[in-house]
Amino acid sequence: MSPRLIRLLLRFAPSTFRARYGEELLTVHEARIAERPRGPGLWWLVTREVVGMVWVLARARRGTGRIGERNSRGGGASMLDTTRQDLRFAARTLWRNPGFAVAAVVVLSLGIGAVSAIFTAMNAFLFRPLPFADADRLVMLYETNPEFGWQDAQTAPANALDWREQVEAFEDIAQYSDFVDEVTHIQDGEPTLLSVSTVSGNFFDVLGVRPVVGRGFRWEETWDGADDKVVLSHGLWLSMFGGDPAVVGSLVDMAGTTVEIVGVAPQGFSFPSDEVQLWTPFGWAPENREALWFRRAHFTRAVGRLAPGVDPATADAELQTVVGRLQQDFPATNQVMGAGFMPLRDFLVKEVRPPLRLLLGAVVLLLLLACTNVANLMLVRASDRSREVALRFALGARRRRVAGQMLVESLMLALVGGALGLGLAWVGIRGMSGLTDLGIDGATDVALDHRVLLFTLVAAASSGFLFGTVPALWASRGDVGQSLKDGSRSGTSGRGGLRTVRLLVTAEVALALLLVVAAGHMVRTFDSLRKVDPGFRTEGALAVQITVPPARYPERDQVLAFWNQFEEALQGRPGIQRAGLVGRLPLAGSSWSSQFQAEGWPPDRVGFEILHRRADRGYFETLDIPLVRGRSFESTDGPDDPLVVVINETFASEHFPGEDPLGQKIAYDRAPDESSIWYEIVGIVGDQAQTTPREPARAEVFENRDQDWGRTAWIVVRGALGFEATLSTVRATLREMDPLIPVAESRSLREVWRQSMASEEFILTLLGVFGTVALLLASVGIYGVTAQAARRHTREIGIRMALGARSGDILRLMMAQNVAVVGAGLGVGLAAAWVSMRALSSFLFGIAPNDPPTLGAVVILLGVVALLAGYVPARRATAVDPVESIRVE
Amino acid sequence: MSDMTPLTYRILLALADGDRHGYGIIKEIEEQEGMGTAPSTGALYLALQRMEGHGLIRESPERPPEADDARRRYYRLTEQGRAAAEEESARLATLVRAARAKKLLAGGGS
Chain A
359 MSPRLIRLLL RFAPSTFRAR YGEELLTVHE ARIAERPRGP GLWWLVTREV VGMVWVLARA
419 RRGTGRIGER NSRGGGASML DTTRQDLRFA ARTLWRNPGF AVAAVVVLSL GIGAVSAIFT
479 AMNAFLFRPL PFADADRLVM LYETNPEFGW QDAQTAPANA LDWREQVEAF EDIAQYSDFV
539 DEVTHIQDGE PTLLSVSTVS GNFFDVLGVR PVVGRGFRWE ETWDGADDKV VLSHGLWLSM
599 FGGDPAVVGS LVDMAGTTVE IVGVAPQGFS FPSDEVQLWT PFGWAPENRE ALWFRRAHFT
659 RAVGRLAPGV DPATADAELQ TVVGRLQQDF PATNQVMGAG FMPLRDFLVK EVRPPLRLLL
719 GAVVLLLLLA CTNVANLMLV RASDRSREVA LRFALGARRR RVAGQMLVES LMLALVGGAL
779 GLGLAWVGIR GMSGLTDLGI DGATDVALDH RVLLFTLVAA ASSGFLFGTV PALWASRGDV
839 GQSLKDGSRS GTSGRGGLRT VRLLVTAEVA LALLLVVAAG HMVRTFDSLR KVDPGFRTEG
899 ALAVQITVPP ARYPERDQVL AFWNQFEEAL QGRPGIQRAG LVGRLPLAGS SWSSQFQAEG
959 WPPDRVGFEI LHRRADRGYF ETLDIPLVRG RSFESTDGPD DPLVVVINET FASEHFPGED
1019 PLGQKIAYDR APDESSIWYE IVGIVGDQAQ TTPREPARAE VFENRDQDWG RTAWIVVRGA
1079 LGFEATLSTV RATLREMDPL IPVAESRSLR EVWRQSMASE EFILTLLGVF GTVALLLASV
1139 GIYGVTAQAA RRHTREIGIR MALGARSGDI LRLMMAQNVA VVGAGLGVGL AAAWVSMRAL
1199 SSFLFGIAPN DPPTLGAVVI LLGVVALLAG YVPARRATAV DPVESIRVE
Chain B
330 MSDMTPLTYR ILLALADGDR HGYGIIKEIE EQEGMGTAPS TGALYLALQR MEGHGLIRES
390 PERPPEADDA RRRYYRLTEQ GRAAAEEESA RLATLVRAAR AKKLLAGGGS
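Protein chains in written order, with the working numbering: chain A, 359 to 1247; chain B, 330 to 439.
Right, here's the structure in full:
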């Protein structure tokens, strides 16, 4: 796109230069761009080329240095020449008044930078193409269930397999596991963990991704017996195999099994998650297709490719027919199970779209505020320049020409502000990436590309018009005689100018109020969230994730012995107070959910959507989770003893209202039969927040890790030594027990807790920054208008004071005007907030939109800051010596 | 003081050992001074225009046989250009000697 821009700029070059060098210049430019690899170096070059070209336009004539050449072609100046003249004139005027130019550019770059930063994030999520072939034909299929409250839930493999075979509208449907697994790979005696995504054999084909070396999987390889294959990510291929194409076809030992490397994924492809290093087929046993669990467990995501030319409505109709059939054929699992699909991108960005929209709204307000601010500065200057303008009118300049010139000045400021803003945006983006991931996991990441550049250019140009039009019109409307006469008095151009300036300041206060109110709401929200008791103690607690490998611990009892020994060893270490085990950390989502029935319940009484978590006694004690009633797991609840579970308080109150849950037996079935497994409820523990402190805990049941055992778990530890020291103790203990088991992940519970509020913190941080900038800009506006009013009325003030007015009276008079302006701004702002804060409601917690105390606090804050900003120059005006002030003119 | 701009001198230097087109000049400058040191394309052509105007360079009448792009013009030093480059080089050499004498530059003096 830069050649196009250069070509455009060339049109503004003098015709002699263009005719002789234009084409050649373009060729060289294209060659230079083409040879540079994509990356920051390229953007630097493009920027330099464009800036250089603009510089050329400003200087092109001087080269030959012949004065009068402009007219040598005879006839009037061409439009391009006029524009060029305007450009030079504007550059000179701005150069002569650097203070103004710098102020305007800084203010604009803040506004444009903010808009551009948010747009860069939006671009990464919403506009950058997904790295899949014909991505617009890709859809995410999901299941729905009114009884469970599911809207776009994971699919049960058997259902998705049936869709694949029976819905003709889809060319193909692939599945992948919604959880990324970790496997231990031993290389040269050192254990490393690799992130694995398990997928169906048609995964790469459906996405339209071609491995760079070798092949993807084949459909047959989905099934057990043919699944000993892996595809490497590009990164793993480079780091582990040095990018050697010959690895394809070789057999490697992964986590104790021998697999064949069949291909290498292209660079940049890591779907469904950034961390994926390997893909491997599911390896399902074919007889699973008839198994109940295969239709009951929802753990895969299904990506479908619409057949060419099939519209979504047709596909949906076909899908619903199949769904209806499955509901009848498999009532036990599918009685009310529905299905649907949405474009893949929409699915991938559904979480981030609302906050991005909110932030875009906020930055647009900020940019408007910046424009108002600069318009104000320009007006102040225009009135200072009214003599110059009047003189030019008197000398025969046409109105359009004068207005045009001022507009060119505005545009020039806007473009410089935009360029600086782009730099700010880049810095801002870096900051934002530190707070949250920007880009679709596994598919796109954040980058400055041509869309961002174009957007910034458009934003800058439209701001230029926005803040340039008002002063341009105002200046060009000037009454020649009046201004020249007025001109003798310093910079007065009638009351009209001041009125316009006041109107603009009113708008600034209103805009600032909106932004600060939004920020204020988020402050309250974040504060309320932090006050929510998550139900467990975070201080001094950390957790490490560990997998006990099947290769060296094949039997259940060996795994259980490992957990026991590890916990005991940890508790024997100095500084460690308690250790325990849990399958999934609180506030980090739940593992799985199910329905249940208690023994003796009538068939129509069913508990829906209870959550499950595996734990031991140590977990509750390490995190100070209170035992409310009954007992915790005991050593007598061994693997072969009767099955026992502990439930949380919500489970007790929701499913056993007015009954005693202790001693009740439950099975995770809708209609238990002789094959059902029964668990006895032996204890009730306090609720722990499961995904976010926003939502009250849901009914949850804790299975005993000795009875419902697993190989992967989090070991939670409470120590008195601080995070790093405790973590190294844990690592050392693990190394002594088994040096080949790595720690997959380690987190402090405090960080887990903070992470659960990360999106609120992100929005809060950005709105906080925007609100502060808005407050600053509005204050500058008020300061400016008061200072200007004071300057205009210096003489009047002097006369009044000479006639005996006290400085207090004058101050009161000037402040009264400020109060009127600020008050009007606050009023307009409040009215706008009343209407628009509803947009915030889905982000709020603990307060309603337009929370009166928040509004009140913001009004007071803004009022005080605004009046202070006005007080300083007003005070200064009254401090002058009356005689001096009269003489000034 | 010389009134020759650094860019003018760099272009003269690039053309000293043979005719080059615009892209060739850029490449030669980067060759001598490193990647990313060359001027923007616009600035280059502005300088070429000025240098042609002052008679320091002119379009080369011959085109190397491999030049297939009609849009590419080759530039050559005029005698005046060569003289100016020599003069400027001598001036710079004097300055470099002075800098060495004042220990601003490492390396043995001549």
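Built from N, CA and C at the ideal position, the CB exists for glycine as well.
Under a criterion of Cβ atoms nearer than 7 Å, no residue of chain B is adjacent to residue 486 of chain A; the nearest Cβ is some 27 Å distant. Our two residues, residue 384 of chain B and residue 413 of chain B, have alpha carbons roughly 11 Å apart in a direct line. Using a Cβ-Cβ cut-off of 8 Å, residue 969 of chain A does not count as an interface residue toward chain B, since no Cβ of chain B sits closer than that to its own. Under the three-state reduction of DSSP output, residue 1121 of chain A falls in the helix class. Of all residues in the region 357 to 379 of chain B, the ones placed with a Cβ closer than 9 Å to any Cβ belonging to chain A are 364, 365, 367, 368, 369, 370, 371, 372, 373, 374, 375, 376, 377, 378 and 379, in chain order. Between residue 402 of chain B and chain A, the shortest Cβ-Cβ separation is below 8 Å. Chain A has no Cβ within less than 8 Å of the Cβ of residue 338 of chain B.
The shortest C-alpha to C-alpha distance from residue 773 of chain A to any of A:1116, A:466 and A:1108 is the one to A:466.
Residue 952 of chain A sits in a strand when the DSSP states are folded into three classes. In this structure, A:1041 is the residue among A:1182, A:492, A:822 and A:1041 with its C-alpha nearest to the C-alpha of residue 1010 of chain A. Per DSSP, residue 555 of chain A is one residue of the beta strand (DSSP E) stretching across 548 to 557.
In this structure, the straight-line span from the alpha carbon of residue 953 of chain A to that of residue 504 of chain A is close to 13 Å.
Here residue 1014 of chain A carries a coil assignment [DSSP, helix/strand/coil]. CA-to-CA, the gap between residue 818 of chain A and residue 470 of chain A works out to about 7 Å.
Its chain contains 620 and 621 as the residues whose beta carbon lies nearer than 7 Å to that of residue 573 of chain A, once the 5 sequence neighbours on both sides are disregarded; these appear in chain order. Taking the C-beta atoms as reference points, residue 527 of chain A is found no nearer than 8 Å to residue 371 of chain A. Under the DSSP assignment, residue 1106 of chain A falls in the beta strand (DSSP E) whose first and last residues are 1103 to 1106.
Of the residues A:1161, A:1038, A:976 and A:1180, the one whose Cα lies closest to the Cα of residue 1001 of chain A is A:1038. Scanning chain A for C-beta atoms nearer than 9 Å to the C-beta of residue 384 of chain B yields nothing, as the closest lies near 12 Å away. Using beta-carbon distances, residue 769 of chain A does not count as an interface residue toward chain B, since no partner is under 8 Å. Chain B places no beta carbon closer than 8 Å to that of residue 774 of chain A, leaving this residue out of the contacts. Between residue 932 of chain A and residue 882 of chain A, the alpha-carbon positions lie close to 41 Å from each other. Contact annotation, residue 728 of chain A with residue 1125 of chain A: C-beta distance approximately 16 Å; criterion of less than 8 Å not satisfied.
In this model, residue 652 of chain A and residue 642 of chain A are separated by some 10 Å (Cα to Cα). Only residues of its own chain outside the window of five on either side were considered, and among them 967 have a CB closer than 7 Å to the CB of residue 507 of chain A, listed in chain order.
Interface residue (Cβ-Cβ distance to chain A less than 8 Å): residue 410 of chain B is not classified as such. Residue 1050 of chain A carries a coil assignment under DSSP once its states are collapsed to helix, strand and coil. Residue pairing of residue 1095 of chain A in beta bridges, as defined by DSSP: absent, with no partner found. Going by DSSP, residue 970 of chain A is part of the beta strand (DSSP E) stretching over 965 to 973. When DSSP states are grouped into helix, strand and coil, residue 1159 of chain A belongs to the helix group. Judged by DSSP secondary structure, residue 338 of chain B falls within the alpha helix (DSSP H) whose first and last residues are 335 to 344. Among the residues of chain B, those whose CB is under 7 Å from the CB of residue 375 of chain A are 378, following chain order. Contact of residue 347 of chain B with chain A is not assigned, every C-beta pair being separated by 8 Å or more. Two segments are said to touch when three or more pairs of C-beta atoms, one from each, lie closer than 8 Å; by this definition the region 870 to 881 of chain A does not touch the region 953 to 963 of chain A. Per DSSP, the unbroken beta strand (DSSP E) holding residue 698 of chain A starts and ends at 696 to 701. Collapsing the DSSP output to three states places residue 629 of chain A in coil.
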